[in-house]
Structures are given as C-alpha cells and as structure tokens.
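Taking my numbering, the leading residue of the sequence shown gets 389, the next gets one more, and so forth. The beta-carbon is built from N, C-alpha and C at its ideal position, and this holds for glycine as well. As the structure is a prediction and not an experimental result, all values here were calculated from the model. See below for the structure under consideration.
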Amino acid sequence: MQTDDLKVALWWETDENEKILCTLCPRYCKIGKGQAGFCYIRQNHEGKLYSIGYGRPTGFAIDPIEKKPLSHFYPGTLILSFGTAGCNLGCRFCQNWSISKAKLDDLNSFYASPEDVVNLAVKYKAPSIAFTYNDPTIFGEYVIDISKIAREQGIKTVMVTAGYIDKYARNDVYKYIDAANVDLKGFTERFYFKLTYSHLNDILDTLVWLKRETGIWLEITTLLIPGENDSAEEIKPECDWIVNNLGNSVSLHFTAFHPDFKMTGKERTPELTLNYSREIALNMGIKYCYVGNVHNIDGQTTYCPGCKTSLIKRDWHTVISNKLRDGKCYKCGTEIDGRF
Ligand code: SF4
C-alpha cells in the first residue's frame with residue numbers, strides 16, 4: 389500500500405515483538421505488520437500505525453439535531469452528519485452495520501479534508517457537525533482536526549459514540565467537542581460482553597469523565613432490546629447510577645430497536661416498553677427522559693421540571709413548537725438544562 393497520502397496515527401507504541409499496540413480504545417489491539425486492528429481502519433504498514441479513515445467519509449447528510457438524538461442542544465437546528473467505515477465495538481444488534489462492519493474499499497468513500505467538512509457545514513447553513521453513523525473514536529485524528537477548525541469558525545461539534553475510548557486519548561479527541569450523545573447500551577457486564585464485545589465499566593468511566601471533568605453537554609441513549617436489556621431490574625439500576633454519578637440533568641433517551649444484523653430474530657421494541665422505562669426514569673428523579681424511533685409526542689416533549697408545562701413539543705425528529713425563553717420556562721422561569 390502507498391502510504392504517502394495516509395495519516396500517521398496518534399496513540400500507539402511498538403511492543404517488544406515489534407507489533408504495534410494501539411492505545412486509542414480499551415481493546416488495545418496488538419497489530420502486526422500489514423494487519424489492521426479490530427476496527428479495520430487503523431493499520432500497521434511497515435511498523436507505523438496509520439489512521440486509514442482520516443479524510444475518508446462514507447457520505448454526508450443534513451439531519452435535524454433531534455435525530456442524533458440531542459434534545460437539549462440547540463433544538464430545532466440542522467447538523468451536518470457523517471461517519472467512516474469500521475467500528476471498535478462488535479454489537480450483534482448494530483443498527484448501522486452496513487457502515488460499521490464495512491472496510492473502506494467496500495464503500496464509496498472519497499477524500500474530504502477537515503476544511504472541506506467545515507466548509508460543507510457552512511455551505512448548508514448547519515450550525516453543528518456530528519461525528520456519527522460508526523463510532524468516531526476510531527477516527528479520532530480526523531475528529532480533532534475538524535473540531536478545531538469548526539470551533540474557530542463558530543460551528544459546534546458533536547460526538548455520537550459508544551464511549552469506548554482510552555482515558556488518555558479521550559483528552560485529545562474531545563478537546564474541541566461541544567456535545568456528546570453516548571450510548572449506554574445496557575447495564576450489565578453480561579450484556580456488554582456478550583452482545584457488544586466491550587465492557588460496561590469502560591463506558592461508565594467515560595460518562596463520569598465527560599460529566600465531571602469537561603464542559604461538554606452530555607445526553608445518553610439506551611436502545612431497548614426485548615429480552616436483553618429492557619427489564620425493570622436493569623432500567624432501575626441504570627437510572628439510579630445516572631442520578632448518583634452524573635446528576636439528574638442528563639437527558640436520557642430510550643429508543644426502539646428494529647431487528648437487524650445478527651439479531652434479526654428479535655421483535656421490534658413495543659412502545660409500552662419505551663413508555664414504562666421512561667416512567668421509571670422520571671420517577672427515579674431524572675428530569676428529562678425521552679422515547680425515540682417512534683411517534684410519541686408526549687414522550688418526546690420537553691416539560692418544565694418545575695411546573696410541568698410543555699416547553700418543546702416534538703414529534704419524532706420534528707420540533708412542533710418551542711416556548712423556551714432564554715433557556716427558561718416561559719411560565720415559571722425555571723432554568724432548563726442544556727445549550728439553547
Ligand atoms: S481503536 Fe481500533 S485498532 Fe485501536 S485498539 Fe481500538 S479497535 Fe483496536
């Protein structure tokens with residue numbers, strides 16, 4: 389492979405057997421010459437690690453920001469969204485597997501410099517850029533360069549991620565990031581190991597770091613899979629952990645699963661499951677909880693935690709009305725958490 393045009397990766401070292409140890413995520417792949425890590429897009433060529441996904445998006449879309457999902461970060465605005473090939477998790481239920489499980493050569497990826505990406509956001513009048521579709525952790529070098537330029541131009545950047553990232557590398561990758569939606573895919577190690585090939589504690593550590601040690605706006609998504617992570621016995625400890633470790637102002641999204649990838653034998657998540665999970669979260673003190681991937685105006689509306697007035701009414705990804713006044717309830721003046 390011709391390496392002149394490739395980006396040399398950050399976050400790696402060579403071990404005693406001349407293999408490369410990638411230190412970007414807690415998988416810590418040991419990569420021999422000519423080989424790739426688990427995520428496919430970090431490759432060892434002649435003893436150097438390259439970030440093959442750098443500058444190689446697989447396509448762009450202009451989405452409503454509610455689709456990420458983010459409900460408390462400039463609601464009703466547009467966001468330029470893209471990803472690359474590959475992923476550092478191995479979710480059997482992946483809802484985006486045609487991208488995350490692909491190698492770059494399988495997809496029609498093309499070159500786009502960090503400046504090109506920011507210019508696209510400007511061109512389409514999108515005030516934010518989302519790194520999404522596959523897990524942006526694995527193209528962290530590209531994330532840094534884009535988010536730095538974006539910040540200089542007043543454009544916000546958003547990570548949509550599983551949060552499976554090394555505790556040193558994350559300081560670099562998130563340096564210029566404004567918001568994150570982190571998938572908390574379940575709340576047992578059994579679920580994480582069996583169905584995602586990753587570990588719950590690594591994700592919890594990222595969530596605590598984001599909330600306590602950065603100024604990044606944080607929301608959380610849990611995709612509810614029937615029979616796997618949707619029981620009250622799992623939802624309650626998850627909500628309890630969120631309240632006790634992140635506080636009650638982090639928006640939580642329960643979204644519906646559709647049968648996909650290696651879990652085609654499962655049913656779609658019933659709306660009843662989404663609704664009772666939301667009830668549990670609200671009863672346990674979480675101020676903002678939403679349901680997703682369904683039409684459910686009540687479950688997608690932002691209510692004032694003070695006087696319960698409907699403030700931002702939504703139907704799926706559409707904002708129907710927004711009655712916030714300077715980030716506060718128009719009726720009682722309670723401040724609503726988020727960036728508005
Ligand atoms: S980022 Fe990719 S290559 Fe690096 S440790 Fe994680 S899965 Fe392996």
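Relative to K719, the option among C695, E601, I700, T643 whose CA is nearest is C695. Rounded to whole angstroms, the Cβ separation of K513 and Y442 is 26 Å, and the two are not in contact under 8 Å.
For G673, the three-state secondary structure derived from DSSP is coil. Here the distance from the Cβ of I608 to the nearest heavy atom of the ligand SF4 is not below 7 Å.
When DSSP states are grouped into helix, strand and coil, S709 belongs to the strand group. Between the ligand SF4 and C482, a heavy atom-to-CB distance of less than 7 Å is absent. Per DSSP, reduced to three states, the secondary structure at C720 is coil, with no helix or strand assignment. Contact between Y552 and S586 holds: CB atoms are separated by about 5 Å, below the 8 Å threshold. Distances from the CA of V596 to each of C475, Y664, I630, D618 were compared; the closest alpha carbon is that of I630. Of the candidates E659, H460, P515, the residue whose Cα lies closest to the Cα of K675 is H460.
Just so you know, the alpha carbons of E540 and R415 end up roughly 33 Å apart. If you draw a 10 Å sphere on the C-beta of A397, you find 16 or more other C-beta atoms in it, and that means buried.
DSSP places W629 inside the alpha helix (DSSP H), whose first and last residues are 620-633. At a cut-off of 7 Å, the beta-carbon of Y416 counts as near the ligand SF4: some heavy atom of the ligand is closer than that. Cβ-Cβ distances below 7 Å link I537 to P502, E503, V506 in the same chain, with the five nearest sequence neighbours on each side left out; the list follows chain order.
Restricted to the region 539-601, the beta strand (DSSP E) segments that are unbroken, complete and at least 3 residues in length are 544-549, 567-571, listed in chain order. Taking C-alpha positions only, E655 is separated from E434 by approximately 47 Å.
For D571, the CB contacts under 6 Å within the same chain, skipping 5 residues up- and downstream, are A550, T609 in chain order.
Under the three-state reduction of DSSP, L660 is assigned to helix.
Around G687, the same chain offers L662, N663, R666, Y678, V679 as residues with beta carbons nearer than 7 Å, after the five sequence neighbours per side are excluded.
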